[in-house]
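Asker: Sharing a structure with you now.
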Amino acid sequence: MTDRPEFIVLTGPLGSGKTTLLSDHLSFADTSDTGVLVNDAGEVNIDGAVIGADHRNLALATLDGGCICCSLGNDLQEGIDALLLSRAERQLGPPRRIILETSGLAEPAPIVRSLRAIRQVAFDVRIVATLDASAPFVGDNFLPHYAAQLAAAQTIVMTKLDRLSPQDWNRCTAEAQGFNPLAAQVVTDQPRERALSAFSAHGDRSAPGTARFSAIAASASRITVAFAEWKPNASWAAISEWIENLAGFFGSRLLRLKGLVRPDGQPDPVLINGVGDAFSPPRRMRLDDDVGLGLTLILRDVAVDELFQPFCGENQPVVRVR
Numbered sequence: 076m077t078d079r080p081e082f083i084v085l086t087g088p089l090g091s092g093k094t095t096l097l098s099d100h101l102s103f104a105d106t107s108d109t110g111v112l113v114n115d116a117g118e119v120n121i122d123g124a125v126i127g128a129d130h131r132n133l134a135l136a137t138l139d140g141g142c143i144c145c146s147l148g149n150d151l152q153e154g155i156d157a158l159l160l161s162r163a164e165r166q167l168g169p170p171r172r173i174i175l176e177t178s179g180l181a182e183p184a185p186i187v188r189s190l191r192a193i194r195q196v197a198f199d200v201r202i203v204a205t206l207d208a209s210a211p212f213v214g215d216n217f218l219p220h221y222a223a224q225l226a227a228a229q230t231i232v233m234t235k236l237d238r239l240s241p242q243d244w245n246r247c248t249a250e251a252q253g254f255n256p257l258a259a260q261v262v263t264d265q266p267r268e269r270a271l272s273a274f275s276a277h278g279d280r281s282a283p284g285t286a287r288f289s290a291i292a293a294s295a296s297r298i299t300v301a302f303a304e305w306k307p308n309a310s311w312a313a314i315s316e317w318i319e320n321l322a323g324f325f326g327s328r329l330l331r332l333k334g335l336v337r338p339d340g341q342p343d344p345v346l347i348n349g350v351g352d353a354f355s356p357p358r359r360m361r362l363d364d365d366v367g368l369g370l371t372l373i374l375r376d377v378a379v380d381e382l383f384q385p386f387c388g389e390n391q392p393v394v395r396v397r
């Protein structure tokens with residue numbers, strides 16, 4: 076047994092359900108001794124805004140400015156400083172557990188190395204990876220850093236199992252085991268059970284198998300991250316037309332699209348959340364803070380010039396490439 080606080084790195088592929096899993100855990104578990112850090116690849120930390128809106132009493136800090144594993148500065152130290160200050164202002168003690176939700180593009184190894192330089196305390200570090208059971212585990216869309224996320228994990232949480240028949244579950248767990256035969260697996264389609272098991276030190280271990288990293292063939296340089304921002308007078312019709320045409324043009328090359336827009340005449344921003352060409356219903360968000368508006372786009376094998384095409388007739392957004 077140890078008295079050191081626990082630091083959990085929550086990682087996983089784009090759109091695999093990290094934010095949903097974390098939000099469920101914060102709803103179902105006693106998290107009074109837990110602090111949360113949220114990192115996002117885009118200019119606006121949308122996941123942090125969503126978590127903060129759904130859990131307003133939470134000690135939360137966001138790490139902006141891009142994917143944390145790519146920015147080798149003091150972002151992680153500054154995030155932990157902000158988290159400790161937030162708890163102190165609420166007269167709470169130091170957290171016994173910190174959960175860092177990473178960008179879907181992050182690799183765990185640089186983050187773990189950065190934790191060694193944190194000045195306040197040494198942590199017991201654990202890595203939890205989410206994996207969308209309904210998505211292909213190999214092929215062009217399964218990028219090499221996804222394999223790195225799975226390989227580093229002590230626990231792999233299978234998500235979106237409700238989209239599959241129970242007969243397919245064993246196939247999915249065997250696939251995940253092929254990437255990391257040593258990891259515990261959380262395999263359930265019940266949100267409460269999944270959320271509570273994911274961040275415990277337990278899981279349903281499968282028998283060891285043979286890892287198959289050679290099946291992955293892709294390059295991280297193939298990824299482009301961009302940000303689209305509209306003028307205040309943009310209508311919902313113009314915004315939705317641009318999104319629809321963008322998704323149709325890029326097809327499977329559009330890996331992720333997420334952000335907040337405020338159409339003309341709407342009092343609250345609207346959350347847009349898409350994985351590939353599949354989009355969740357738009358969600359109206361009531362936010363206390365003035366969260367930046369715009370959409371983060373993560374694409375594969377895209378020439379920069381392609382992003383500046385007119386995808387609709389009016390109120391084109393300004394697009395910036397990171």
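Sequential numbering of the sequence shown, starting at 76, is according to the numbering used here. In this text, a Cβ means the ideal position worked out from N, Cα and C, and glycines have one as well. Quick caveat: nothing in here was measured; it's all calculated off a predicted structure.
Please report the residue range of the alpha helix (DSSP H) in which T177 lies.
Answerer: Here residue 177 refers to the residue found at position 102 when the sequence shown is read from its first residue. From DSSP, T177 is part of no alpha helix (DSSP H); its letter is neither H nor E.
Asker: Is the beta carbon of L257 less than 9 Å from the beta carbon of L321?
Answerer: Your numbering for residue 257 matches position 182 in the sequence shown. Your numbering for residue 321 matches position 246 in the sequence shown. No, the Cβ-Cβ distance between L257 and L321 is not below 9 Å.
Asker: For L160, count neighbouring C-beta atoms within 10 Å of its own C-beta (all shown protein chains included) and say buried if the count is 16 or more, exposed if not.
Answerer: The residue labelled residue 160 in the question sits at position 85 within the sequence shown. Classification for L160: exposed.
Asker: Which term fits S98, buried or exposed, when burial requires 16 or more other beta carbons within 10 angstroms of its beta carbon?
Answerer: Within the sequence shown, the letter at position 23 stands for residue 98. Flag for S98 reads buried.
Asker: State the start and end residues of the unbroken alpha helix (DSSP H) segment that holds F324.
Answerer: As a position in the sequence shown, residue 324 is number 249, starting the count at 1. It spans W311 to F325 - the alpha helix (DSSP H) in which F324 sits, taken as one unbroken run.
Asker: Tell me which residue opens and which closes the beta strand (DSSP E) that I193 is part of.
Answerer: As a first step, residue 193 must be located in the sequence shown, where it is residue number 118. Taken as a continuous stretch (DSSP letters only), I193 belongs to no beta strand (DSSP E), as it is neither H nor E.
Asker: Please state whether DSSP places N245 in a helix, a strand or coil.
Answerer: The residue given as residue 245 occupies position 170 in the sequence shown. Three-state DSSP puts N245 in a helix.
Asker: For T230, which residues does DSSP report across the bridge?
Answerer: In the sequence shown, counting from the first residue as 1, residue 230 sits at position 155. For T230, which the question treats as bridged, DSSP gives the partners V203 and A259.
Asker: On the three-pair Cβ rule with 8 Å, is the segment 91 to 105 touching the segment 150 to 165?
Answerer: As far as the Cβ criterion goes, the segment 91 to 105 does not touch the segment 150 to 165, which means the pair count is below three.
Asker: In whole angstroms, what is the alpha-carbon distance linking R361 and P344?
Answerer: Translated into positions along the sequence shown, residue 361 becomes position 286. Translated into positions along the sequence shown, residue 344 becomes position 269. Their Cα atoms are separated by approximately 7 Å.
Asker: What is the rounded straight-line gap between the Cα of V113 and the Cα of A157?
Answerer: Mapped onto the sequence shown, residue 113 falls at position 38. Mapped onto the sequence shown, residue 157 falls at position 82. Cα to Cα, the separation comes out at about 12 Å.
Asker: Secondary structure at K93, three-state DSSP: helix, strand or coil?
Answerer: Your numbering for residue 93 matches position 18 in the sequence shown. Helix at K93.
Asker: Taking E81 as the reference, give the member of D199, V379 and C247 with the closest Cα.
Answerer: Translated into positions along the sequence shown, residue 81 becomes position 6. Residue D199 is the option with its Cα nearest to E81.
Asker: Go to E153, then tell me how far its alpha helix (DSSP H) extends in each direction, as first and last residue.
Answerer: Numbered from its first residue, the sequence shown carries residue 153 at position 78. D150 to E164 is the extent of the alpha helix (DSSP H) around E153.
Asker: Use the C-beta contact count for V379: other C-beta atoms within 10 angstroms, 16 or more gives buried, fewer gives exposed.
Answerer: Residue numbering aside, residue 379 sits at position 304 when the sequence shown is read from its first letter. So V379 ends up on the exposed side.
Asker: Rounded to whole angstroms, what is the Cα-Cα separation between A290 and G179?
Answerer: Within the sequence shown, residue 290 is the residue found at index 215, counting from 1. Within the sequence shown, residue 179 is the residue found at index 104, counting from 1. No answer about A290 holds up, because its pLDDT of 32 lies below 50 and its placement is not dependable.
Asker: What did DSSP end up calling R171 once you bin it into helix, strand or coil?
Answerer: Locating residue 171 in the sequence shown gives position 96, counting from the first residue. Coil, per DSSP.
Asker: Taking Cβ positions, are L374 and A301 nearer each other than 9 Å?
Answerer: Position 299 of the sequence shown holds residue 374. Position 226 of the sequence shown holds residue 301. Yes, the pair counts as a contact, with Cβ atoms nearer than the cut-off.
Asker: Distance, Cα to Cα, V262 vs C247?
Answerer: Mapped onto the sequence shown, residue 262 falls at position 187. Mapped onto the sequence shown, residue 247 falls at position 172. Between V262 and C247, the C-alpha separation is close to 10 Å.
Asker: Going by beta carbon distance, what residues of the same chain come within less than 8 Å of R79, once the five residues before and after it are set aside?
Answerer: Position 4 of the sequence shown, counted from the first residue, corresponds to residue 79. Correct list, in chain order: V196, A197, F198 and D199.
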